[in-house]
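Below: the structure, in structure tokens.
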Amino acid sequence: MKKIQFAALSLSGLLAGNELGTLIGLHPALRALPLDHQIAAEQALTSRLAKIMPIFTSATLIAVCAAAVDRAGRRGFASTLGAAAAITAMLAVTGLGNIPLNRATMSYPIEGDAAGWVAIRRRWERLHGVRVLLDLGAFGCLAAAAQSGRATS
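Under the numbering used here, the first residue of the sequence shown is numbered 1, with each subsequent residue one higher.
Following this line, the structure appears as structure tokens:
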């Protein structure tokens with residue numbers, strides 16, 4: 001496997017795993033906390049991830065697009081192109097949906113009401129679920145492309 005294909009597959013897999021873990025593990029655990037603790041924890045997490053995820057997701061998109069260019073005209077190209085489209089769509093959902101909700105999360109008062117908080121976070125989680133599906137789809141496409149390039153016996 002070429003280095004760019006390996007990088008795309010690895011970054012995509014790490015991204016999908018990270019996002020799935022937050023969907024099924026981290027955010028449900030935070031919902032079990034008292035409201036003021038939920039707000040503080042989500043704000044701390046959002047602040048931290050706002051510094052990390054743009055680099056991580058951009059590196060993933062660049063690697064996946066480079067992998068698609070590398071595969072042009074060869075087996076696995078369509079799957080790799082599908083992965084690039086899925087990552088691009090995930091970033092569109094993030095930019096248009098999750099990031100505005102992240103801003104609302106960061107500005108929400110610790111003593112704010114539960115109904116307002118729940119409305120922000122449930123919408124964020126629904127959009128995050130879409131992002132997770134797109135990330136998993138991208139990883140699956142890249143795994144299929146990697147298999148298509150292997151010699152068959």
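We treat Cβ as the ideally placed atom computed from N, Cα and C, and that holds for glycine.
Among the options, the one whose alpha carbon lies nearest that of residue i
i    : options               : result
T94  : A40, Q43, M1, A50     : A50
H27  : G140, A143, R123      : R123
A8   : R75, A40, T57         : T57
G112 : L33, I39, T22         : I39
Q5   : A119, F77, G129       : F77
M1   : S107, P109, R75, M106 : R75
Nearest-angstrom beta carbon gap, residue j and residue i [assumed within contact, 8 Å]
i   : j    : result
A16 : D135 : 4 Å
A66 : L81  : Their Cβ separation, rounded to whole angstroms, is 12 Å, which puts A66 and L81 out of contact at 8 Å.
Contact under 8 Å by Cβ, residue i with residue j
i    : j    : result
L35  : A146 : no
L127 : G97  : yes
A83  : A41  : no
L20  : V132 : yes
G129 : L23  : yes
Requested in this report: Report yes or no: do three or more beta-carbon pairs, one from the segment 78–90 and one from the segment 45–63, lie closer than 8 Å?
Outcome: yes
Query raised in the report: At a cut of 8 Å, does the segment 141–150 reach the segment 102–112 through at least three beta carbon pairs?
Result: no
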